[in-house]
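For reference, the structure is listed below as structure tokens.
There are 2 protein chains.
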Amino acid sequence: MTTIHFEAVPAVEAHRRTPGLVVMKFGGTSVGDTDKLKRVAKRLVAAREAGSKVVAVLSAMGKTTDELIRLAHEVSEQPHPREYDMLVSTGERISNALCAMAIHDLGHEAVSFTGSQAGIVTDGSHTKAKIVEVRAQRIHTALEEDKIVLVAGFQGVSTSTHDVTTLGRGGSDTTAVALAAALGADACEIFTDVPGVFTADPRIVPTALKLDRVTYEEMLEMSASGAKVMALRSIEVARSYGVKLRVRSTFAEGEGTWIGEEDDVVLEKAIISGVTHDTSEAKVSIIGVPDRPGIAAKVFRDLARAGVNIDMIVQNVSQDGAASITFTLPKTDVPIAEPILDSLGAELGASRIERDPDIAKISLIGAGMKSHPGVAADMFDALAEAGINIEIISTSSIRVSCVVRADQVERAVQAVHDRFQGFAQARVDG
Amino acid sequence: MTTIHFEAVPAVEAHRRTPGLVVMKFGGTSVGDTDKLKRVAKRLVAAREAGSKVVAVLSAMGKTTDELIRLAHEVSEQPHPREYDMLVSTGERISNALCAMAIHDLGHEAVSFTGSQAGIVTDGSHTKAKIVEVRAQRIHTALEEDKIVLVAGFQGVSTSTHDVTTLGRGGSDTTAVALAAALGADACEIFTDVPGVFTADPRIVPTALKLDRVTYEEMLEMSASGAKVMALRSIEVARSYGVKLRVRSTFAEGEGTWIGEEDDVVLEKAIISGVTHDTSEAKVSIIGVPDRPGIAAKVFRDLARAGVNIDMIVQNVSQDGAASITFTLPKTDVPIAEPILDSLGAELGASRIERDPDIAKISLIGAGMKSHPGVAADMFDALAEAGINIEIISTSSIRVSCVVRADQVERAVQAVHDRFQGFAQARVDG
């Protein structure tokens with residue numbers, strides 16, 4: 031039967047296709063209460079009745095996972111990771127079992143599987159496990175029996191200890207994409223509370239457009255720079271295995287946004303796919319350290335060892351030979367970083383360390399950027415015209431990011447989106 | 031390793047003993063919130079530090095299971111049994127994982143297992159599965175690693191389909207007793223919100239005494255006739271495998287009540303172990319049916335086929351040759367019985383069918399009754415003196431039960447307990 035080794039076999043050809051199969055993933059807000067679960071059940075039945083084979087991956091209902099985490103912290107200051115996974119994995123079992131019941135009431139056969147029963151085999155890294163293999167025998171059997179298959183997202187079973195593992199936040203996206211890859215599905219549909227991927231957050235930019243298509247690379251950059259529509263890792267897995275993704279609304283009709291290879295997307299005039307923003311990071315500056323080799327390496331090695339994720343980095347050297355290092359990190363990592371920064375500051379003889387939580391990052395993303403020089407300059411120009419100061423800049427081949435003051439982020443997104451609106455338009459008419 | 035086949039191997043000698051092992055079971059009210067869970071964790075650690083090997087079985091927290099059942103009925107009129115088990119089994123996973131975390135915080139190693147991980151193998155009867163085998167390898171390994179082992183009660187895994195099953199209400203008691211049998215534990219302790227088994231409900235009879243010891247047979251009769259301290263099936267399993275049981279309070283010290291073989295219990299003067307009562311049954315009379323062979327058989331065969339549990343039965347024949355059949359059944363079974371009774375009434379030409387929900391059953395239980403004739407007569411006499419009319423009588427070798435009016439049950443219990451108080455006393459000093 032179908033067995034994909036996710037580390038060992040990177041090729042898409044490694045697995046058989048299951049024609050007519052669609053994997054449909056529904057997030058927590060899509061299954062927030064029993065009424066919404068019943069609507070999801072109807073949607074799955076409609077897909078089955080339209081002729082598709084259906085595998086669905088449901089997240090936990092609404093705030094269930096948060097509530098379980100709250101309980102964990104009531105009984106333990108540092109919940110044991112194995113037991114934490116045992117605990118929080120129950121939320122998805124509840125929502126998937128309930129949806130299977132609702133499907134039965136609609137006159138269709140359905141079966142819900144835990145991650146373990148679905149054959150989602152992971153490494154043993156509790157709370158952040160990686161899928162290493164999908165053993166899809168039970169799913170294939172259930173599909174052959176004409177059942178709608180529901181799989182508890184976000185979880186698996188450790189290949190070494192046979193313990194329950196979880197994949198970390200956003201893990202249900204990864205479950206869905208991994209299943210779509212292993213089963214050879216026609217597509218993996220990510221149902222959410224917005225109709226697709228937008229050129230900017232419509233709450234900030236009312237003229238933001240829904241994109242018909244984006245490339246994997248663009249979606250990766252958008253997710254990494256603040257777009258919340260899909261979890262970053264799941265997009266990486268989709269790209270590796272060539273899984274066609276589609277983001278669409280749970281409770282409205284509509285084509286949504288397709289995410290695929292660059293060849294599939296009309297790129298000629300469509301330089302830009304969108305403007306994203308992120309207010310979840312803080313800025314730290316270590317000021318007045320000696321300008322000698324190895325200082326930056328020491329700083330970032332110590333932080334990495336503690337598991338702190340560093341995003342943007344700038345190093346300046348002043349005329350008197352003292353250097354300063356500035357970087358951004360998730361605000362949630364600041365408590366972990368604090369003691370390391372204090373001892374680093376003393377050890378390196380820094381004159382002072384500045385913390386600044388009031389920053390925002392705005393990013394312009396577009397695969398067409400590679401062949402269109404001048405995009406970054408246009409972006410800086412648009413920000414300057416709006417009177418917005420840029421504090422840090424970082425770029426990739428298809429992304430330009432700028433750190434600005436947090437209270438200017440909405441104006442910044444609006445200004446950059448206005449400047450590039452015409453370029454994004456081409457992507458929508460498709 | 032230890033594998034007990036519960037259907038096939040009835041002998042106690044079939045398994046190895048694990049000296050120093052105690053199985054400790056905590057019900058829903060004992061783990062009602064995170065504070066109580068932390069107190070249970072302390073109790074388990076105390077037992078471990080006192081030198082015992084500890085396997086604990088926790089029920090779901092307080093009203094968790096009721097809440098899950100409510101959700102099931104919100105999405106489905108008749109929840110699919112397989113999915114129902116998938117759903118309601120999550121409650122015990124939550125409480126056991128949380129308790130394991132709390133134990134880690136107290137500096138001890140602990141591991142929580144699902145029913146499946148613990149090797150609780152059942153038949154495939156969803157919502158009322160029976161344990162057929164315990165494959166205790168993972169538990170033995172964890173005990174050898176000096177861990178406190180927690181097992182989610184009330185659940186197992188189907189031997190044929192590998193689906194999650196549940197054992198029905200009270201199933202956590204059965205999980206605990208089956209584990210104690212399979213592991214060869216020194217004892218199985220049932221922790222609850224009362225200090226032990228009483229000669230009558232202390233809320234009704236303030237002078238009721240806590241018993242130090244009762245026999246399996248007495249405990250079976252007491253549970254079957256209204257005592258709620260342990261689930262009936264778990265006592266049957268304990269008796270079959272010779273598991274020493276002890277009922278005690280979760281949140282108070284005290285010896286509790288030991289339940290074991292008759293030989294272990296001082297019976298000379300201790301004729302009576304207690305008075306129980308039960309207001310959960312209703313009475314039905316089918317009046318004016320022909321007095322010919324096969325009528326009663328037909329009535330009870332039809333009701334049994336529908337899954338209705340009949341308790342007490344009386345048949346009378348009047349002088350004109352017409353018979354009437356009276357029986358009691360759980361009030362919850364009345365809606366199932368109604369249509370069968372209506373068609374039986376028509377088919378048998380009964381003159382009428384009477385339903386009476388306002389009854390109560392009071393029972394007097396004692397292993398010593400077998401060698402002390404006259405106990406039943408004394409009980410009837412006590413009720414008559416109190417002016418209480420007896421509607422139905424049924425007896426076993428160690429029990430006498432009488433149906434009385436529901437509004438007289440408290441006076442009836444008090445009157446019978448008063449009459450036999452002296453006989454029960456001997457059981458307490460033991």
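Protein chains in written order, with the numbering used here: chain A, 31 to 460; chain B, 31 to 460. Ideal placement from N, C-alpha and C gives every residue a C-beta, glycine not left out.
Shortest alpha-carbon distance to residue 278/A belongs to which of 272/A, 158/A, 227/A?
If we check each option's Cα against that of residue 278/A, 227/A comes out closest.
Name, please, each residue of chain B whose Cβ falls closer than 8 Å to the Cβ of residue 142/A.
Within chain B, the residues near residue 142/A are 113, 116.
Anyone know if the C-beta pair for residue 435/B and residue 389/B falls short of 8 Å?
A contact, by the Cβ cut-off of 8 Å.
Compute the Euclidean distance between the alpha carbons of residue 59/A and residue 88/A, then round it to the nearest angstrom.
Distance between the alpha carbons of residue 59/A and residue 88/A is about 10 Å.
Does DSSP put residue 165/B in a helix, in a strand, or in coil?
Note: residue 165/B maps to strand in three-state DSSP.
Quick check on residue 386/B: does DSSP put it in helix, strand or coil?
Correct three-state label for residue 386/B: strand.
Which whole runs of the alpha helix (DSSP H) in the region 319-378 of chain A are 4 residues long or more, in chain order?
The qualifying runs are 325-335, 364-378.
Considering only the beta carbon of each residue, do residue 84/A and residue 178/A sit closer than 8 Å?
Yes. Within cutoff.
For the region 121-135 of chain A, list every residue whose C-beta sits within 7 Å of some C-beta in chain B, in sequence order.
Cβ contacts with chain B: 123, 124, 127, 128, 130, 131, 132, 134, 135.
Which residues, taken in chain order from the region 91-107 of chain B, show a beta carbon closer than 8 Å to some beta carbon of chain A?
Cβ contacts with chain A: 98, 101, 102, 104, 105, 106, 107.
If residue 140/B and residue 218/B are in contact, beta carbons under 8 Å, what's the gap, nearest whole angstrom?
Between residue 218/B and residue 140/B the Cβ distance is about 19 Å, and since that is not below 8 Å, they are no contact.
Does the Cβ of residue 256/B have 16 or more other Cβ atoms within 10 Å, making it buried, or fewer, making it exposed?
Flag for residue 256/B reads buried.
Which of the residues in the region 54-66 of chain A, read from start to end, lie with their CB under 9 Å from any CB of chain B?
Answer in chain order: 63, 64, 65.
If we count the other Cβ atoms within 10 Å of its Cβ and call it buried at 16 or more, is residue 362/B buried or exposed?
Exposed, by the Cβ-count rule.
Mark residue 444/B as exposed unless 16 or more other C-beta atoms lie within 10 angstroms of its C-beta, in which case mark it buried.
Under this definition residue 444/B is a buried residue.
Can residue 106/A and residue 282/B be called in contact, C-beta distance under 8 Å?
In this structure, residue 282/B does not lie closer than 8 Å to residue 106/A by Cβ.
Since residue 142/B contacts residue 180/B with CB under 8 Å, what's their CB separation in whole angstroms?
Contact holds; Cβ gap of about 4 Å.
Please decide whether residue 170/B counts as near chain A, where near means a Cβ-Cβ distance under 8 Å.
Closer than 8 Å: no.
Go ahead and pull the three-state DSSP assignment for residue 144/B.
Residue 144/B falls in the coil class under three-state DSSP.
For residue 72/B, which residues in chain A fall below 9 Å Cβ to Cβ?
Near residue 72/B there are no residues of chain A at all, since even the closest Cβ is about 12 Å away, more than 9 Å.
Does the Cβ of residue 72/A have 16 or more other Cβ atoms within 10 Å, making it buried, or fewer, making it exposed?
Exposed.
Below 8 Å, can you find three or more Cβ-Cβ pairs linking the region 309-317 of chain A to the region 394-411 of chain A?
No, the region 309-317 of chain A is not in contact with the region 394-411 of chain A.
Where does the unbroken alpha helix (DSSP H) through residue 409/B begin, and where does it stop?
Residues 405-415.
Thinking C-alpha only, which one of 94/A, 413/A, 47/A, 431/A is nearest residue 343/A?
The shortest C-alpha separation from residue 343/A is found at 431/A.
Sorted by chain position, which residues of the same chain lie with C-beta nearer than 6 Å to residue 450/A's C-beta, five sequence neighbours on each side aside?
These residues qualify, in order along the chain: 302.
What residue from 372/A, 304/A, 328/A has the CA that sits closest to residue 428/A's CA?
Answer by Cα proximity: 304/A.
In angstroms, rounded to a whole number, what distance separates the CA positions of residue 319/A and residue 354/A?
Cα-Cα distance, rounded: 6 Å.
Can you find a C-beta in chain B that's less than 8 Å from the C-beta of residue 400/A?
So no, residue 400/A is outside the interface.
Ends of the alpha helix (DSSP H) at residue 60/B?
Residue 60/B -> no alpha helix (DSSP H), and no H or E assigned at all.
Say whether chain A places a C-beta atom closer than 8 Å to the C-beta of residue 177/B.
No - not a single Cβ of chain A is within 8 Å of the one on residue 177/B.
Can you give me the Cβ contacts of residue 422/A inside the same chain, cut-off strictly under 6 Å, excluding the 5 residues immediately before and after it?
Answer for residue 422/A: 342, 344, 433, listed in chain order.
Any beta carbon from chain B within less than 8 Å of residue 68/A's own beta carbon?
Interface residue, yes.
Pull up the CB-CB distance for residue 53/A and residue 209/A, whole angstroms please, since I reckon it's below 8 Å.
Sure, about 5 Å apart at Cβ, within 8 Å.
Between residue 229/B and residue 447/B, which are expected to be in contact by the criterion C-beta below 8 Å, what is the C-beta distance as a whole number of angstroms?
Yes, they are in contact, since the Cβ atoms of residue 229/B and residue 447/B sit about 6 Å apart, within 8 Å.
With which residues is residue 424/B paired in a DSSP beta bridge?
Paired residue(s): 431/B.
Would the beta-carbon of residue 215/A fall within 8 Å of that of residue 51/A?
In this structure, residue 51/A lies closer than 8 Å to residue 215/A by Cβ.
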